[in-house]
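Accompanying notes for the structure given below.
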Amino acid sequence: MVPAALYLGFAASIIWVGQGTYLTSTARIHAKDYNLHEGTVIGHFNGEFWGMFATHQFVGNLISLAVLRDGTGGSNNGTTLLFSVFLISMTLGTILMCFLHKREGRTEEDTQDSSPSFCASLLSLLKTIITPLYDVRMLLIIPLMAYSGLQQAFVWAEYTEYIVTPTLGVSGVGGAMAVYGAFDAICSLTAGRLTSSLKSIAIIISGGVLLQAIIFLWILLGYSAQSGVLGIVYPLIMAAVLGIGDGVLNTQLSALLGIFFKSDTEGAFAQLKVWQSGSIAVVFFISSYISLQAMLIVMLAAIAISYTAFVFLTLREKASPSSTS
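Residues in the sequence shown are numbered consecutively from 113, following the numbering used here.
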């Protein structure tokens with residue numbers, strides 16, 4: 113399992129950086145071709161992508177709900193069904209990728225040598241990864257990147273174990289996460305449509321972070337497992353709100369990086385996945401050693417730090433708007 117996990121993580125990192133770079137560059141060229149506002153187009157493209165991506169949580173968890181509804185999730189039939197769905201999805205995605213093509217943009221980078229030496233390529237790669245860290249804007253966004261990973265891991269590791277399973281059972285995890293995925297998808301599409309500039313990004317992120325903070329405070333201070341209808345409704349409400357927050361962070365972080373780091377898109381999205389993946393790993397490593405209450409305090413502290421840094425970034429850019437143009 114460990115080698116498989118290492119391989120999947122390595123492959124996913126390449127896919128995610130490529131996705132962010134391709135989507136952003138395509139949005140920029142589309143905006144230039146049709147004389148549209150670049151920030152708005154980047155927001156729309158990211159909203160549509162993340163909305164479609166989040167539907168996998170809805171569909172996949174509905175399948176999990178169907179497989180686990182009889183409480184025999186480890187049966188061969190259930191495993192065969194899940195892996196068949198995975199295989200079909202991967203095959204379809206690979207076929208669709210064959211139809212992607214590089215759109216020609218009017219940039220100086222296109223005139224550079226397209227076949228540099230191996231050493232030059234390696235040095236260029238290292239420079240691409242490290243260069244964004246010299247930008248104050250990236251340093252102020254990193255806490256929000258890390259928090260986006262923390263909140264995802266919290267849902268997968270803590271919410272399902274301590275909130276859903278005690279009231280809905282293992283078979284109910286799929287249903288709760290399907291609700292999470294549905295609201296994630298809807299919010300991604302909506303937030304993407306509302307994104308146009310740093311001001312709109314700041315407003316949307318503020319709303320998403322506030323909603324998640326309310327849920328964390330509710331669990332920490334006032335929530336207890338209920339019986340009857342409330343025992344079903346409360347976890348689903350939490351799933352919906354947490355899904356909204358995840359949709360906000362996914363779309364707005366991608367749009368923010370696309371707007372700020374036009375000359376180093378690959379490096380910016382590489383940083384996003386490094387900090388997201390690192391924080392996810394931290395949650396899974398420590399979840400067995402700390403209580404739910406301690407994890408909630410960590411989440412609230414992460415919100416405070418990341419949102420403070422983001423507000424400072426917003427005020428800084430408002431004072432010098434030329435840096436975002």
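The C-beta atom is built at its ideal place from N, Cα and C for all residues, glycine as well.
Fair warning: this is a prediction, and the values are worked out from it, not measured in the lab.
Under 8 Å between C-beta atoms of residue i and residue j
i	j	result
L306	S300	no
V353	I316	no
N158	A314	no
A288	W387	no
A265	F422	no
T279	G343	yes
L361	I253	no
S308	G163	no
G286	A166	no
Y419	V321	yes
Nonlocal neighbours in the same chain, by C-beta distance under 6 Å from residue i, ignoring five residues either side
i	result
L174	A290
A382	V129, I241
V267	L354
T377	T133, T136
Q364	I313, I316, I317
H149	none
S125	K385
A139	V153, I154, F157
P255	I417, S418, A421
Distance between residue j and residue i (C-alpha atoms, nearest Å)
i	j	result
F373	P244	8 Å
L251	L384	11 Å
L193	V171	13 Å
D296	S176	18 Å
L118	I392	14 Å
I127	L120	10 Å
G293	A303	15 Å
I371	G151	6 Å
I298	S432	34 Å
R428	V179	51 Å
D222	I275	A caution first: D222 carries a pLDDT of 47, below 50, which makes its placement in the model too unreliable to give a value.
A232	Y346	56 Å
F195	F211	25 Å
I417	S260	12 Å
T206	H168	16 Å
G379	L235	13 Å
V114	I141	41 Å
M209	V341	45 Å
K430	K239	29 Å
Cβ neighbours of residue i in the same chain (closer than 7 Å, five flanking residues each side left out)
i	result
L135	F157, N158, F161
V248	none
L323	V353, I356, G357
L332	Q405, L408
V197	I175
Own chain, CB closer than 8 Å to residue i, minus 5 neighbours either side, in chain order
i	result
L412	A325, F328, L329, L332
L262	S391, I392, V394, V395, V410, M411, A414
R218	Residue placement at R218 cannot be trusted, given a pLDDT of 48 that sits under 50; what the coordinates show is reported in the next sentence. Within the same chain, R218 has close Cβ partners K144.
N147	none
### Query
Whole alpha helix (DSSP H) runs in the stretch 236–298 with 4 or more residues, listed along the chain?
Complete alpha helix (DSSP H) runs here, min 4: 248–265, 277–280.
### Query
So, do the stretch 350–368 and the stretch 254–271 have three or more beta carbon pairs nearer to each other than 8 Å?
As far as the Cβ criterion goes, the stretch 350–368 touches the stretch 254–271, which means the pair count is three or higher.
### Message
For the pair the stretch 397–408 and the stretch 336–345, tell me if three or more CB-CB distances fall below 8 Å.
### Response
The count of Cβ pairs closer than 8 Å, one atom from the stretch 397–408 and one from the stretch 336–345, stays below three, leaving the stretches out of contact.
#### Entry: 4 or more residues per run - each alpha helix (DSSP H) lying fully within the stretch 340–378
Counting only runs of at least 4 residues, the stretch 340–378 fully encloses the following alpha helix (DSSP H) elements, listed from N- to C-terminal order: 341–372.
### Task
Enumerate, from N- to C-terminal direction, the unbroken alpha helix (DSSP H) stretches of 4 or more residues contained entirely within the stretch 375–415.
Listed in chain order, they are 377–398.
### Task
Pick out the complete alpha helix (DSSP H) segments inside the stretch 147–209, 4 residues or longer, and give them in chain order.
Within the stretch 147–209, the complete alpha helix (DSSP H) runs of at least 4 residues are 150–180, 188–209.
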